[in-house]
Amino acid sequence: MTYDLENFCADCQKDITEAGDTSNLENVRTNLEKLLENQDFLDATCGPDAEAGTHVLYQDPDKDFMVLAHINPTGKTSPPHDHGKSWAIYGQAIQFTEMSEYDRVDDETEDGIAEVSLRKKYRLEPGMAGMFKAHEIHSIHFPDNARFIRVTGTDLTQLHTKRFDQNAGTVTVIAPNDTGDVSGAASVAS
0 MTYDLENFCA DCQKDITEAG DTSNLENVRT NLEKLLENQD FLDATCGPDA
50 EAGTHVLYQD PDKDFMVLAH INPTGKTSPP HDHGKSWAIY GQAIQFTEMS
100 EYDRVDDETE DGIAEVSLRK KYRLEPGMAG MFKAHEIHSI HFPDNARFIR
150 VTGTDLTQLH TKRFDQNAGT VTVIAPNDTG DVSGAASVAS
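Heads up, the sequence shown is in numbering that gives the first Met the number 0, so the first residue is 0 and it goes up one at a time.
Set out below in structure tokens:
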């Protein structure tokens, strides 16, 4: 039997014991890689005829996690940012996504002031999945026509998130439903 979106969502319902739980995220990540092996699923959600934009494939009514398809006709690099209290798992379908993880290195005593330092950088190729936990500072870069599946712990447009400007040494809190021009903040491609 082919592992499909329905199987994946059923497994997520088992692995995510309550909204915000992160204890079994590695299972979700490996199951997303399994889903990415399903060529029929990829063709239907991320194929050449897929409409540009971010599309909700599933939102769980009880546990609140979401499965989204990101169809990106134009490449983009996001500034360092977080997803607030939510986690996010990216599964690469087409092209690649470069993932960068940062540590906040200032003492966090001044509002609006922040310094971040690159900790790790890696590339997701088709079939690979990577994960960012809640409040983990990261940025992504992808080329034209990159496509990926993203699973989030909740609707990111409803959360306060942070965007970091490395050059200015600042941090901005992004309110719910305001992308703050962060490529992929809540609903675009982060």
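Ideal Cβ placement from N, Cα and C applies to all residues, glycine included.
Since we're looking at a predicted model, the values are computed, not measured.
Proximity below 8 Å, CB of residue i to CB of residue j
i, j, result
"A68", "C45", "yes"
"R122", "E100", "no"
"F131", "A87", "yes"
"E36", "G90", "no"
"I70", "A51", "yes"
"C11", "F95", "no"
Alpha-carbon to alpha-carbon, residue j and residue i
i, j, result
"P125", "A92", "5 Å"
"E114", "T108", "12 Å"
"V55", "I136", "24 Å"
"S85", "P47", "30 Å"
"D164", "H80", "9 Å"
"T6", "L24", "Position check: residue 6 holds Asn in this sequence, whereas Thr was assumed. Answer to the nearest angstrom: the Cα atoms are 16 Å apart."
"A145", "H82", "21 Å"
"V181", "P142", "With a pLDDT of 45 at V181, under the threshold of 50, the predicted position of this residue should be treated as unreliable, and no value is reported."
"T53", "F147", "10 Å"
"A49", "D106", "45 Å"
"V27", "D110", "35 Å"
"D3", "S138", "29 Å"
"P72", "H140", "13 Å"
"Q38", "T169", "43 Å"
Cβ-based burial, residue i [other Cβ within 10 Å; buried from 16]
i, result
"L117", "exposed"
"P175", "exposed"
"I112", "exposed"
"T194", "The requested residue 194 does not occur in the structure, where the chain is confined to residues 0 to 189."
"T151", "buried"
"H159", "exposed"
"M0", "exposed"
"K13", "exposed"
"T153", "buried"
"S22", "exposed"
"K62", "buried"
"K161", "buried"
"G129", "buried"
"V66", "buried"
"V172", "exposed"
Simplified DSSP state of residue i, which is helix, strand or coil
i, result
"D209", "The displayed coordinates of the chain run from 0 to 189. Any statement about residue 209 would go beyond what the structure contains."
"K132", "coil"
"A87", "strand"
"F7", "helix"
"V27", "helix"
"D42", "helix"
"E100", "strand"
"V187", "Because the pLDDT of V187 is 37, which lies under 50, any placement of that residue in the model is unreliable, and the number read from its coordinates should be weighed accordingly. Looking at V187 - three-state DSSP - the assignment turns out to be coil, as it is neither helix nor strand."
"L35", "coil"
"L155", "helix"
"D106", "coil"
"D14", "helix"
"D164", "strand"
"A68", "strand"
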